[in-house]
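Engineer:
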Amino acid sequence: MEDDESIREIEMYTLESMNFKVRGFEDGTTFFKALSEKHPDLVILDLMLPDEDGSDILKKLRSNSSTEELPVIIASAKTAEYDKVKNLDSGADDYLTKPFGMMEMVSRVKAVLRRTNHKKEDKIEKDGIKILLKRHEVYVNGQEIELTLKEYGLLKLLITHPGTVFSREEIMDQIWETGFYGETRTVDVHVRTLRQKLGEAGSHIETVRGVGYRYHEGN
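Using UniProt numbering, you'd call the opening residue of the sequence shown number 1 and step up by one each time.
1. Pull up the CB-CB distance for Ala75 and Lys60, whole angstroms please, since I reckon it's below 8 Å.
2. Could you give the first and the last residue of the continuous alpha helix (DSSP H) run that contains Gly150?
3. Could you give the uninterrupted runs of the alpha helix (DSSP H) lying entirely in the region 72–118, keeping only those of 4 residues or more?
4. Identify the residues that DSSP records as bridge partners of Gly218: which are they?
5. Taking contact to mean at least 3 C-beta pairs separated by less than 8 Å, is the region 42–54 in contact with the region 128–146?
6. Please list the segments of the alpha helix (DSSP H) lying wholly inside the region 18–53, counting only runs of 4 or more residues, in order along the chain.
7. Based on DSSP bridge pairs, tell me the residues matched to Ile131.
8. With a CB to CB cut of under 8 Å and the five nearest residues on each side skipped, what residues in its chain are close to Gly163?
9. Using DSSP bridges, identify the partner residues of Ile145.
10. Roughly how many angstroms separate the alpha carbons of Gly199 and Gly210, rounded to a whole number?
11. Taking Cβ to Cβ, would you say Glu16 is nearer than 8 Å to Glu2?
12. For Asp94 and Val112, which I take to be in contact (beta-carbon distance under 8 Å), what is that distance rounded to the nearest angstrom?
13. Excluding five sequence neighbours on each side, which residues of the same chain lie with their C-beta closer than 8 Å to the C-beta of Leu194?
14. Once the 5 residues before and after Gly128 are set aside, which same chain residues still bring their CB inside 7 Å of it?
15. From Ser90 to Glu170, what distance separates their C-alpha atoms?
16. Ordered along the chain, which non-local residues of its own chain (more than five positions away) have a Cβ less than 7 Å from that of Lys126?
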């Protein structure tokens with residue numbers, strides 16, 4: 001987020017030239033509208049925006065379970081140590097003081113992404129569904145749900161391969177014990193109960209008629 005159009009455009013151009021996919025926003029209102037549709041991998045946030053202070057936006061991100069770990073780099077002309085400490089303590093992952101070089105910005109972005117990607121290896125998060133892999137816990141919109149071992153395995157298989165259609169036989173081979181020769185109807189039953197437990201998020205598990213099931217990302 002950057003309200004100065006010229007600065008915003010050069011930042012976007014630089015990041016795009018380094019093969020990052022980028023969207024720019026001039027204020028918090030347009031940013032949060034886009035955020036409700038899709039979460040980015042990282043946010044570069046100016047503190048002085050026309051409609052809302054960047055520090056308040058940071059606090060909102062950190063107080064929401066779906067964005068509490070979203071990487072945020074502050075990019076601000078505020079150079080006082082107080083401002084840096086305040087925002088870093090509020091959850092910013094890094095602080096860039098204006099004016100800064102574009103290659104320094106790219107380097108900071110890459111460094112923050114490297115750090116946060118290590119954290120992501122322990123969890124899967126899509127469409128309001130969060131799976132904590134080491135704990136075998138599943139949350140939907142911040143609420144924990146109880147899944148059986150097979151339901152958990154089924155969700156993990158589908159959500160880690162979005163768009164891939166798995167036949168019932170393929171699902172049984174990967175989720176059920178080696179040598180299990182039960183009816184493929186068993187898969188349908190588990191998909192049905194999994195959808196029910198996921199609530200509205202269960203609509204992301206789609207039936208491909210005559211073939212099997214797949215996970216569909218987004219709306």
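The beta carbon of each residue, even a glycine, is placed where N, CA and C say it ideally should be.
Structural biologist: Taking the definition as stated:
1. With a Cβ gap of about 18 Å, Ala75 and Lys60 do not count as contacting.
2. Looking at the sequence itself, residue 150 is Lys, so the reference to Gly does not match. Element bounds for Lys150: 149–159.
3. 81–89
4. DSSP links Gly218 through a beta bridge to no other residue.
5. no
6. 28–35
7. Ile124, Val138
8. Arg214, Tyr215, His216, Glu217
9. Val138
10. 24 Å
11. no
12. The pair is a contact, with the Cβ atoms about 6 Å apart (cut-off 8 Å).
13. Leu147, Glu151, Leu154, Leu155, Gly202, Ile205
14. Sequence-distant partners of Gly128 (beyond 5 residues in either direction) whose C-beta falls short of 7 Å from its own C-beta, in its chain, are Ser66, Val140, Asn141, Ala201.
15. 46 Å
16. Ile159, Glu217
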